[in-house]
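According to the UniProt record's numbering, the sequence shown holds residues 1 to 98 in order.
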Amino acid sequence: MNLANNLNKRIKINPNDLSILKVLSHPIRMQLVIFLIERNYSNVNTMAEHFEIPQSTVSQHLTRLRERNIVNYERKGAEVYYSIDNPKVTAIIKILAD
Numbered sequence: 001m002n003l004a005n006n007l008n009k010r011i012k013i014n015p016n017d018l019s020i021l022k023v024l025s026h027p028i029r030m031q032l033v034i035f036l037i038e039r040n041y042s043n044v045n046t047m048a049e050h051f052e053i054p055q056s057t058v059s060q061h062l063t064r065l066r067e068r069n070i071v072n073y074e075r076k077g078a079e080v081y082y083s084i085d086n087p088k089v090t091a092i093i094k095i096l097a098d
């Protein structure tokens, strides 16, 4: 029996939690999440300017985060504001920051 199967039998890990870790493993997505935790919310243009990356790149990464229910969004007029929607994500980031 290999180590992964042995651990899986002893430790039950929710597949959704594993998908959170997988999506956060990308450095840009991790930085976007930290940015949103620190500021509570932001729009795409502000994040693109802050990280000096194209708005389209930020949007693509936010879409991946939305698909995993990590971020929430709210439209205010022409702007879309993003925030962290998952308390587990905030807890994971706090653990990693220690």
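The C-beta atom is built at its ideal place from N, Cα and C for all residues, glycine as well.
Remember, it's a predicted structure, so these values are computed and weren't measured experimentally.
If you check the beta carbons only, do residue i and residue j fall under 8 Å apart?
i: Leu24; j: Met30; result: yes
i: Ile53; j: Ile93; result: no
Based on the DSSP secondary-structure assignment, which residues constitute the bridge partners of residue i?
i: Asn43; result: Tyr81
i: Arg29; result: DSSP output for Arg29 lists no bridge partner at all.
i: Glu74; result: Tyr81
Compare the C-alpha of residue i against each of the options and name the closest.
i: Ser19; options: Ala48, His50, Val89, Glu79; result: Val89
i: Glu67; options: Asn43, Asn16, Ile11; result: Asn16
i: Gly77; options: Leu96, Asn43, Glu52; result: Asn43
i: Asn45; options: Lys12, Ile13, Asp98, Glu79; result: Glu79
i: Pro27; options: Phe51, Arg39, Tyr41; result: Phe51
i: Arg75; options: Ala91, Ser56, Tyr41; result: Tyr41
Three or more beta-carbon pairs under 8 Å between the region 83-91 and the region 64-73, yes or no? The way I'd put it, the region 83-91 does touch the region 64-73; three or more beta-carbon pairs between them come closer than 8 Å.
Just checking, does the region 32-48 make contact with the region 58-65 on the three C-beta pairs under 8 Å criterion? yes
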